[in-house]
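Q:
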Amino acid sequence: MGCRARIGALIASGLLSAGGAPALAGVPASLHSPESCERITAEPGYAFIKCDDGVPQSGGTTPNEGGEAAVTVPAKYRGYAGLPAKALGAGDVPGADSKGRIGLDVDVSLPAVKPPRRGYPLLFMMHGCCAGNKTSWEAESFDGPDATVEKWHYSNAWFAARGYAVVTYTSRGFVNGQNRGSTGQTELDSRAYEVNDYQSLACQMLRSASSFADVAGHRVQIDPRRVVTTGGSYGGGFSWMALTDPKWRCGSAAGGRGRQMSLRVTAPKYGWTDLAYSLVPTGRHLQGPGSLPSTRGCDSASFDFSGKRCAGSVVGLPKRSIVAGLYASGKTGVPPGSSHTTFPPKIDEAISCLNAPYPPDSSPACTATVSELLPEFMRERSAYYQNRFFRLIRKRPAYRIPVFNAATFTDPLFTSVENRRMLDRLRRAVPGYPIQSYHGDYQHFSQNKAKEWADLCAGDHHVCAGDDYRPDVDRAPASRRRIGVTSMLNDFIDHFARPQTNARERRPRFNVTAALQICPENASSRYPADEPGRRFRAPTFERLAPRRLRLSFGADQTTTSKVIGNPHAQSADPVNNQVSNGARCPVENEPAGEGVAVYTGDPLAESKTMIGATRVAVELDASMVPPEPSGLQLNARLYDVFPDGRAVLVDRGPRRLTAREIDAGSVTYELHGNGWRFPSGHSIRIELAQDDEPFLRASDVPSSLTLEQVRLSLPVR
Numbered sequence: 001m002g003c004r005a006r007i008g009a010l011i012a013s014g015l016l017s018a019g020g021a022p023a024l025a026g027v028p029a030s031l032h033s034p035e036s037c038e039r040i041t042a043e044p045g046y047a048f049i050k051c052d053d054g055v056p057q058s059g060g061t062t063p064n065e066g067g068e069a070a071v072t073v074p075a076k077y078r079g080y081a082g083l084p085a086k087a088l089g090a091g092d093v094p095g096a097d098s099k100g101r102i103g104l105d106v107d108v109s110l111p112a113v114k115p116p117r118r119g120y121p122l123l124f125m126m127h128g129c130c131a132g133n134k135t136s137w138e139a140e141s142f143d144g145p146d147a148t149v150e151k152w153h154y155s156n157a158w159f160a161a162r163g164y165a166v167v168t169y170t171s172r173g174f175v176n177g178q179n180r181g182s183t184g185q186t187e188l189d190s191r192a193y194e195v196n197d198y199q200s201l202a203c204q205m206l207r208s209a210s211s212f213a214d215v216a217g218h219r220v221q222i223d224p225r226r227v228v229t230t231g232g233s234y235g236g237g238f239s240w241m242a243l244t245d246p247k248w249r250c251g252s253a254a255g256g257r258g259r260q261m262s263l264r265v266t267a268p269k270y271g272w273t274d275l276a277y278s279l280v281p282t283g284r285h286l287q288g289p290g291s292l293p294s295t296r297g298c299d300s301a302s303f304d305f306s307g308k309r310c311a312g313s314v315v316g317l318p319k320r321s322i323v324a325g326l327y328a329s330g331k332t333g334v335p336p337g338s339s340h341t342t343f344p345p346k347i348d349e350a351i352s353c354l355n356a357p358y359p360p361d362s363s364p365a366c367t368a369t370v371s372e373l374l375p376e377f378m379r380e381r382s383a384y385y386q387n388r389f390f391r392l393i394r395k396r397p398a399y400r401i402p403v404f405n406a407a408t409f410t411d412p413l414f415t416s417v418e419n420r421r422m423l424d425r426l427r428r429a430v431p432g433y434p435i436q437s438y439h440g441d442y443q444h445f446s447q448n449k450a451k452e453w454a455d456l457c458a459g460d461h462h463v464c465a466g467d468d469y470r471p472d473v474d475r476a477p478a479s480r481r482r483i484g485v486t487s488m489l490n491d492f493i494d495h496f497a498r499p500q501t502n503a504r505e506r507r508p509r510f511n512v513t514a515a516l517q518i519c520p521e522n523a524s525s526r527y528p529a530d531e532p533g534r535r536f537r538a539p540t541f542e543r544l545a546p547r548r549l550r551l552s553f554g555a556d557q558t559t560t561s562k563v564i565g566n567p568h569a570q571s572a573d574p575v576n577n578q579v580s581n582g583a584r585c586p587v588e589n590e591p592a593g594e595g596v597a598v599y600t601g602d603p604l605a606e607s608k609t610m611i612g613a614t615r616v617a618v619e620l621d622a623s624m625v626p627p628e629p630s631g632l633q634l635n636a637r638l639y640d641v642f643p644d645g646r647a648v649l650v651d652r653g654p655r656r657l658t659a660r661e662i663d664a665g666s667v668t669y670e671l672h673g674n675g676w677r678f679p680s681g682h683s684i685r686i687e688l689a690q691d692d693e694p695f696l697r698a699s700d701v702p703s704s705l706t707l708e709q710v711r712l713s714l715p716v717r
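Residue numbers (this note's numbering): 1 to 717.
(1) In the DSSP output, which residue or residues are listed as bridge partners for V598?
(2) With a floor of 3 residues, list each beta strand (DSSP E) that falls wholly inside the region 657-715, ordered by position along the chain.
(3) Indicate the three-state DSSP secondary structure (helix, strand or coil) for T540 in the structure shown.
(4) Suppose contacts are defined by Cβ-Cβ distances below 9 Å. Is T560 in contact with D692 by that definition?
(5) Are the CB atoms of A689 and T596 within a distance shorter than 9 Å?
(6) For F390, I'd like the list of residues in its chain whose CB is within less than 6 Å of its CB, leaving aside the five on either flank, ordered along the chain.
(7) Run through DSSP, which three-state label would S437 get?
(8) First and last residue of the beta strand (DSSP E) that includes V166?
(9) Rounding to the nearest angstrom, what Cα-Cα distance links A365 and P629 in this structure?
(10) Can you list, in chain order, the residues of its chain with a C-beta nearer than 7 Å to that of P116? Leave out the 5 residues immediately preceding and following it.
(11) For the region 42-51 and the region 67-78, state whether three or more C-beta atom pairs, one from each stretch, are separated by less than 8 Å.
(12) Below 8 Å on the Cβ atoms is my guess for L326 versus A350; work out the distance and round it to an integer in Å.
(13) Between A503 and K247, what straight-line distance do the alpha-carbon atoms span, to the nearest angstrom?
(14) Would A47 be called buried (16 or more neighbouring beta carbons within 10 Å of its own) or exposed?
(15) How many Å lie between V716 and G612 at the Cα?
(16) Can you tell me whether W272 is helix, strand or coil according to DSSP?
(17) Out of Q57, C310 and P626, state which residue places its alpha-carbon closest to the alpha-carbon of A69.
(18) According to DSSP, which residues form a beta bridge with M261?
(19) Out of curiosity, what's the CA-to-CA distance linking R394 and G236?
(20) If we count Cβ pairs, one from each stretch, closer than 8 Å, do we get three or more for the region 53-67 versus the region 85-105?
(21) May I have the straight-line CA-CA distance separating H340 from P508, to the nearest angstrom?
(22) For T558, does the three-state DSSP call read helix, strand or coil?
(23) Alpha carbon to alpha carbon, what distance is there between V55 and S30?
(24) Leaving out five residues before and five after T229 in sequence, what residues of the same chain have Cβ atoms less than 6 Å from its Cβ?
(25) In the structure shown, what three-state DSSP assignment does A514 receive?
(26) Which ranges would you report for the alpha helix (DSSP H) in the region 566-654 if only whole runs of at least 4 residues count?
(27) Is S371 helix, strand or coil by DSSP?
(28) Taking Cβ to Cβ, would you say S321 is nearer than 9 Å to H32?
(29) Which residue comes first and which comes last in the alpha helix (DSSP H) that contains K331?
(30) Quick one: grab the DSSP three-state call for I40.
(31) Taking the continuous alpha helix (DSSP H) assigned at G235, which residues delimit it?
(32) With a threshold of 8 Å, establish whether the CB of R711 neighbours any heavy atom of the ligand GDP.
(33) Take N589 as the anchor and find which of R685, V473 and R697 has the nearest alpha-carbon.
(34) Measure from the alpha carbon of K134 to the alpha carbon of each residue in C203, G144 and D53, then state which is nearest.
(35) Ordered along the chain, which non-local residues of its own chain (more than five positions away) have a Cβ less than 6 Å from that of R225?
(36) When the Cα of S278 is compared with those of D299, R264 and P591, which residue comes out closest?
Next comes the structure, spelled out in structure tokens:
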């Protein structure tokens with residue numbers, strides 16, 4: 001744990017003056033006052049200054065008049081690109097003060113050493129949804145009890161003590177259990193709101209940096225060309241969106257005197273690039289550079305991002321259990337009365353749509369959600385659809401901001417496709433785009449192992465700690481046996497941002513790494529249950545597993561829109577599995593139930609390593625399906641069947657069928673994707689079901705299908 005020395009004591013002793021540069025309007029004097037700032041030693045030889053003026057008394061839709069204990073930003077902007085000025089109607093935004101501004105609850109962490117000639121790199125760490133806040137990525141040590149799992153070497157302490165100026169703040173509308181925090185309503189990482197907010201904060205930090213000189217004990221200066229963004233989940237979606245508007249000019253209201261600022265590098269972790277598809281997937285997105293989804297959104301919804309109807313497209317399948325949990329955590333907190341956010345009415349309407357009869361295509365309860373909100377999710381909050389950005393990177397190299405992507409395999413909320421599609425579109429626009437990706441078994445409703453995030457040291461593979469690194473935390477210890485995802489991310493950021501303690505980090509490779517999933521059932525002495533499996537690395541994702549394993553099944557089976565009991569869907573539901581099984585891999589020993597089609601291949605003659613998404617092609621008889629809209633779906637679950645009969649869930653994927661596919665009696669789609677080794681003697685099983693409740697919203701229109709032929713194509717090496 002870190003030891004501290006109060007800056008206030010220095011003031012009291014007369015060693016520092018309490019004067020300092022005057023604060024810019026919107027940056028409260030309380031944030032850089034001696035009473036708010038303290039020196040913390042995170043690790044011997046590594047200290048930082050943390051400034052925290054507490055939590056504002058107001059939050060959400062209660063205005064913070066005067067910006068008490070908050071940094072103020074416009075409640076609404078005149079657009080989104082390049083940090084526009086405050087909009088004329090900003091005062092009408094719920095939670096805005098009389099000047100049309102909202103207050104953000106901000107902490108600042110600074111290096112304890114003087115800045116380099118051009119100033120510190122400025123790093124923003126964004127929390128998650130829907131109960132996160134500014135403390136989510138804060139710690140006082142590098143690897144102590146307050147810095148475990150993902151906060152190991154990833155916190156304000158880690159970055160500030162090594163030479164970054166770090167801003168951790170509570171995004172607009174997020175509040176604590178007493179409804180105190182940041183004012184306004186969440187717009188869920190909108191380019192017109194949250195992205196502009198962070199840019200305004202960056203400008204205010206640039207202008208007011210000298211105000212922190214007295215509490216820091218030295219000159220404080222920010223380099224406007226070395227801005228960094230990172231965060232997980234909501235923070236990952238934020239970092240992807242920040243990438244698409246990487247340059248902005250500081251107007252007079254933001255205090256930058258017209259100076260330009262620029263994102264230097266970004267590191268999203270398990271975030272989204274298509275928010276509509278993440279929450280309500282159609283299953284129509286294929287993975288691979290030759291199969292990019294529509295760049296207007298017609299593969300994700302029945303209306304494109306401009307609100308124009310897409311011929312032949314359908315609304316997706318809500319991830320019912322997950323969305324319900326997210327909404328509860330945001331609306332009231334879980335448990336009620338804890339930290340949460342402030343949703344605008346359109347989110348409440350969307351939940352009403354979720355609870356209405358399915359399909360939603362013609363439901364009165366879903367009109368606005370289907371025709372307005374889902375297009376808005378794509379247009380305003382999804383990096384994949386920022387077509388202006390992709391035009392810019394083709395022509396202007398300065399807009400090709402390097403990316404480290406802590407991508408997913410087993411996360412059922414923000415699945416692998418969220419990362420694959422963005423990687424593929426970046427590389428299609430600019431071959432060789434500077435992006436490094438890592439796919440692993442972590443985050444929402446997954447095993448999320450500490451030993452996948454952290455470095456492992458010595459023969460016992462313990463999480464590397466301070467004693468292993470001393471005297472230099474920026475150098476790999478001689479005892480390190482395996483590098484963690486976090487160190488890969490840090491090395492990547494350091495190379496481009498050049499913090500003082502690691503200004504010469506070697507240039508990273510722009511490639512893809514994939515780790516195989518390890519469950520208790522397939523663990524071994526070499527790859528124990530608390531560690532990731534074998535890793536593979538290649539220049540592109542496709543080269544990780546360049547061959548195909550093909551299976552074909554021909555016997556007719558029937559699926560139904562309701563499955564009585566539905567035991568496999570129940571145990572495979574991410575929320576149920578986390579509560580009842582600790583998010584470990586679901587294992588089945590009993591039948592799936594009547595109405596689920598089950599196909600099991602012959603035992604494998606040799607082991608196969610799958611990396612990526614299995615493609616499923618089904619020929620079917622839909623004569624028992626009523627006319628559209630039927631909400632017809634065919635969801636898949638992929639299992640590794642052990643010789644003793646146990647079946648371990650290794651992948652899954654949703655699919656809603658279009659009218660054309662129903663008429664043709666044929667559908668092709670892909671699962672989420674994973675990394676898994678099928679040993680020889682094991683069998684591969686696919687379950688196909690119209691009813692995957694409670695994970696996916698099932699149709700309320702009765703129907704059944706006869707599956708005549710099923711073909712699988714697995715990417716293997």
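We put the CB at the ideal spot given by N, CA and C, even for glycine.
A: The structure says:
(1) For V598, DSSP records a beta bridge to E687.
(2) Those beta strand (DSSP E) runs which fall completely within the region 657-715 and span 3+ residues are 666-670, 674-678 and 683-689.
(3) T540 carries a coil assignment under DSSP once its states are collapsed to helix, strand and coil.
(4) Not a contact, by the Cβ cut-off of 9 Å.
(5) The sequence shown places Val at residue 596, rather than the Thr named in the question. A contact, by the Cβ cut-off of 9 Å.
(6) Once the five neighbours on either side are set aside, the close Cβ partners of F390 are A429.
(7) Under the three-state reduction of DSSP output, S437 falls in the strand class.
(8) Per DSSP, the continuous beta strand (DSSP E) segment holding V166 begins and ends at A165 to T170.
(9) Spanning the two alpha carbons is a distance of roughly 15 Å.
(10) Answer for P116: Q500, listed in chain order.
(11) Note that the region 42-51 does not touch the region 67-78; fewer than 3 beta-carbon pairs, one per stretch, sit closer than 8 Å.
(12) The pair is not a contact, with the Cβ atoms about 11 Å apart (cut-off 8 Å).
(13) If you take the alpha carbons of A503 and K247, they lie about 23 Å apart.
(14) A47 is buried by the Cβ-count criterion.
(15) So the alpha carbons of these two residues sit roughly 8 Å apart.
(16) W272: coil per DSSP, three-state reduction.
(17) Measuring from the Cα of A69, the nearest candidate turns out to be Q57.
(18) DSSP lists W248 as partners of M261.
(19) C-alpha separation (whole angstroms): 24 Å.
(20) Output reads yes: the region 85-105 touches the region 53-67.
(21) The alpha-carbon atoms of H340 and P508 are separated by roughly 38 Å.
(22) Under the three-state reduction of DSSP, T558 is assigned to strand.
(23) If I take the Cα positions, the gap works out to 11 Å.
(24) Excluding positions up to five away in sequence, the list reads F124, S239, A242 and T266.
(25) Three-state result, A514: strand.
(26) Annotation note: the region 566-654 contains the following uninterrupted alpha helix (DSSP H) runs of length 4 or greater, listed N- to C-terminal: 567-572 and 574-581.
(27) For S371, the secondary structure class from DSSP, reduced to helix, strand or coil, is helix.
(28) For S321 and H32, no; Cβs fall outside 9 Å.
(29) DSSP places K331 in the uninterrupted alpha helix (DSSP H) bounded by R320 to K331.
(30) I40: strand per DSSP, three-state reduction.
(31) Looking at the DSSP string, the run of the alpha helix (DSSP H) that includes G235 is Y234 to L243.
(32) You won't find the ligand GDP in this model; it holds no ligand whatsoever.
(33) Ranked by Cα distance from N589, the first of R685, V473 and R697 is R685.
(34) K134 has its Cα closest to that of D53, out of C203, G144 and D53.
(35) Scanning its chain for C-beta atoms nearer than 6 Å, with the 5 sequence neighbours on each side dropped, one finds around R225 the residues S262, in chain order.
(36) Among D299, R264 and P591, the Cα nearest to that of S278 belongs to D299.
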